[in-house]
Amino acid sequence: MKRLAVMVAGLVLLGLGLSQVSPFRARLEAVLHQGGHEFAQVMLSQDKGQALCSQYRDKLPADLIPGFLAEQKALIKYPQSGKLLGDWKNGEKVFTDPKRGNCYACHAGVASEVAHGTMGPPLTDYGQRGTLEAVVRYTYEKIYNAWAYVPCSLMYRGGVHGLFTPEETADLVAFLLDPNSPINRR
Amino acid sequence: MPLKALLMAGALALMGLALAQEGVDPREEAKRQKQLLLETAGILPTELIVEQGKDLFNRKGPSGKTMAECDFGLGKGVLEGAAARLPRYFLDTGKVEDLDSRIITCMTRVQGFKPAQVKRSEVVAVAFYIASHSTGKPIQVRLLFPEERALYALGEKLFYARSGARDVGCATCHVTYVGKRAGVLPYADVLGKDKSWTHWPAYRYSNDQIWTMQDRIRACYGNIAHPQPDLYSLPILALELFLAYSNNGAVVEEWPAFVR
Numbered sequence: 039m040k041r042l043a044v045m046v047a048g049l050v051l052l053g054l055g056l057s058q059v060s061p062f063r064a065r066l067e068a069v070l071h072q073g074g075h076e077f078a079q080v081m082l083s084q085d086k087g088q089a090l091c092s093q094y095r096d097k098l099p100a101d102l103i104p105g106f107l108a109e110q111k112a113l114i115k116y117p118q119s120g121k122l123l124g125d126w127k128n129g130e131k132v133f134t135d136p137k138r139g140n141c142y143a144c145h146a147g148v149a150s151e152v153a154h155g156t157m158g159p160p161l162t163d164y165g166q167r168g169t170l171e172a173v174v175r176y177t178y179e180k181i182y183n184a185w186a187y188v189p190c191s192l193m194y195r196g197g198v199h200g201l202f203t204p205e206e207t208a209d210l211v212a213f214l215l216d217p218n219s220p221i222n223r224r
Numbered sequence: 071m072p073l074k075a076l077l078m079a080g081a082l083a084l085m086g087l088a089l090a091q092e093g094v095d096p097r098e099e100a101k102r103q104k105q106l107l108l109e110t111a112g113i114l115p116t117e118l119i120v121e122q123g124k125d126l127f128n129r130k131g132p133s134g135k136t137m138a139e140c141d142f143g144l145g146k147g148v149l150e151g152a153a154a155r156l157p158r159y160f161l162d163t164g165k166v167e168d169l170d171s172r173i174i175t176c177m178t179r180v181q182g183f184k185p186a187q188v189k190r191s192e193v194v195a196v197a198f199y200i201a202s203h204s205t206g207k208p209i210q211v212r213l214l215f216p217e218e219r220a221l222y223a224l225g226e227k228l229f230y231a232r233s234g235a236r237d238v239g240c241a242t243c244h245v246t247y248v249g250k251r252a253g254v255l256p257y258a259d260v261l262g263k264d265k266s267w268t269h270w271p272a273y274r275y276s277n278d279q280i281w282t283m284q285d286r287i288r289a290c291y292g293n294i295a296h297p298q299p300d301l302y303s304l305p306i307l308a309l310e311l312f313l314a315y316s317n318n319g320a321v322v323e324e325w326p327a328f329v330r
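Protein chains in written order, with our numbering: chain A, 39 to 224; chain B, 71 to 330.
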């Protein structure tokens, strides 16, 4: 059983797809380990979403998209309390921390913060959308697992990878949506 | 040795200027910095390293042989254009080798050094020297041997693979987001118009570092918080073969290069 599971994981590895024969896979594994075991391990533990994005070079065929989105959605965990809107002050810390949110690498945030990337849309004044349940839920799920809405996005799945917890995700949501958050005040 | 001191002084002199020049075309800026350094120091760090590499090339190993006894792909001792045709498969080792690994093969198999005696700094210096003989040459990498084709296929897979906690891969930055930037430099079109294969080995003036493509690739893995593949390992070689082949025909403007 274990062996079978390993085989199946191996087949989607690096997006090789199910048609690949196993000598190729064995060679691939050997080559990866030659680069160091830690390196190989990260490559070999590619999950199904990563493998599909690799295989299709970020352009999933239309018929795969609904299944992909559903599988990504299923990876989302929620806070025990059920509260998706947390503490914006802690959210700001997570947002700024390069090891956790690292959000400024790609997004504009608080208007006075000029050191930010532009690969993602600006999040300044994000709170204009209000705090209706649907907005809060979308924002939570987007931040926890960006691929649940945009397959293979550049925005990585911070919650899925444990870079921040469900509670911290709720804090990030508050940082974006709370009217008192500096992101919504100029 | 004045070499190091000279390098330091030069690098420090242009640091402040480099920082003040964001938003400028990085290639043009590198040219300007190079000119500036040439005027202040009288010699370029790249030239100094090439000289160092030349000395090492002509140094006798435990076997009594210099590196002129080695075949870098075009015959014993032939350096003219040799680096522009690497990586390639070598019959004597039965392996695909790039410039770095072929230098190690030369030092261990021909010159008689023990693998543990081979210093990275020496490999890089010799790589600078050998590469300097390919300035003006077009990249000509072939996929003739099955080993080359297999490694190329792996390199392509690795290039497009998205992995690790940041869910990214080489192609995310260097294909999908070409021209965008997170830091100072825009992401290069490494498979296409930027002809990135011809930019390494190089001296990086912003960090006072001498790097071959091996170091460049490892640094990119580091940037995405991914464990780095070991130096001289097959994953690096696979990516190199894929990159080099994609840049076939591109003419080397200057090796070693001078980059930010």
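Where is the CB? At the ideal position from N, CA and C, for every residue including glycine.
Leaving aside the five residues that flank residue 312 of chain B on each side, the residues in its chain whose CB is nearer than 7 angstroms to its CB run, in chain order, 222, 225, 226, 229.
Only 72, 73, 74, 76, 77, 80, 81, 84, 88, 91, 92 from the segment 72-92 of chain A bring a Cβ to less than 7 angstroms from some Cβ of chain B. Around the beta carbon of residue 87 of chain A, 16 or more other beta carbons lie within 10 angstroms, which makes this residue buried.
At a cut-off of 8 angstroms, the C-beta of residue 64 of chain A has no neighbouring C-beta in chain B. Beta-bridge annotation (DSSP): residue 208 of chain B is paired with B/321.
The C-beta separation of residue 250 of chain B from residue 320 of chain B comes to about 23 angstroms, leaving the pair out of contact by the 8 angstroms criterion.
If you look at residue 165 of chain B, you'll find it isn't in any alpha helix (DSSP H); it sits in the beta strand (DSSP E) that goes 165-167.
Around residue 155 of chain A, the beta-carbon contacts reaching into chain B at under 9 angstroms are 250, 251, 252, 253.
Contact with chain A is found for residue 246 of chain B, since one of that chain's Cβ atoms lies less than 8 angstroms from the residue's Cβ. Chain-ordered, the chain A residues with CB closer than 8 angstroms to the CB of residue 238 of chain B read 192, 194. Per the Cβ contact rule, the segment 293-304 of chain B is in contact with the segment 230-246 of chain B (3 or more Cβ pairs under 8 angstroms). Within chain B, no residue has its CB atom less than 9 angstroms from the CB of residue 138 of chain A, the nearest being about 11 angstroms off. When 9 angstroms is used as the limit between beta carbons, residue 306 of chain B is near these residues of chain A: 73, in chain order.
Looking at B/172, B/173, B/246, B/156, the one whose alpha-carbon comes closest to that of residue 214 of chain B is B/156.
Looking at the DSSP output, residue 272 of chain B sits in a beta bridge with B/281, B/327.
Rounded to the nearest angstrom, the Cβ distance from residue 73 of chain A to residue 305 of chain B is 4 angstroms, consistent with a contact under 8 angstroms.
In the DSSP assignment, residue 159 of chain B is bridged to B/166. Taking a C-beta distance under 8 angstroms as the contact criterion, residue 213 of chain A and residue 126 of chain A qualify as a contact pair. Counting other Cβ atoms within 10 Å of its Cβ, residue 169 of chain B reaches 16 or more and is therefore classed as buried.
Listed along the chain, the chain A residues whose CB falls inside 7 angstroms of the CB of residue 224 of chain B are 66, 69. Measuring C-alpha to C-alpha distances from residue 116 of chain A to each of A/215, A/186, A/178, A/196 identifies A/178 as the nearest. Against chain A, the beta carbon of residue 171 of chain B has no neighbour under 7 angstroms; the closest one sits roughly 12 angstroms away. Residue 95 of chain A has a beta carbon lying within less than 8 angstroms of a beta carbon in chain B.
By the neighbour-count criterion, in which a residue is buried when 16 or more other Cβ atoms sit within 10 angstroms of its Cβ, residue 219 of chain A is buried.
Residue 199 of chain A reaches chain B at 234, 235, 236, 237, counting residues in chain order whose Cβ is nearer than 9 angstroms. Taking 4 residues as the minimum length, the alpha helix (DSSP H) runs contained wholly in the segment 94-129 of chain A are 103-112, in order along the chain.
DSSP, reduced to helix, strand and coil, places residue 141 of chain B within a strand of the structure shown. Contact annotation: residue 120 of chain B and residue 199 of chain B have beta-carbon atoms nearer than 8 angstroms.
Residue 196 of chain B is not a Cβ neighbour of residue 135 of chain B, given a cutoff of 8 angstroms. For residue 146 of chain B, the three-state secondary structure derived from DSSP is strand. Assignment of beta-bridge partners to residue 233 of chain B by DSSP yields B/238. Residues of the same chain with a CB within less than 8 angstroms of the CB of residue 100 of chain B, apart from the 5 flanking positions on each side, are 275, 328, 329, 330 in chain order. Any Cβ of chain A closer than 8 angstroms to the Cβ of residue 284 of chain B would place that residue at the interface, and such an atom is absent. Relative to the Cα of residue 160 of chain A, the nearest Cα in the group A/109, A/172, A/142 belongs to A/142.
Runs of the alpha helix (DSSP H) lying entirely within the segment 139-185 of chain A and spanning at least 4 residues, in chain order: 171-182. Proximity of residue 172 of chain A to chain B, defined by a Cβ-Cβ separation below 8 angstroms, is not satisfied.
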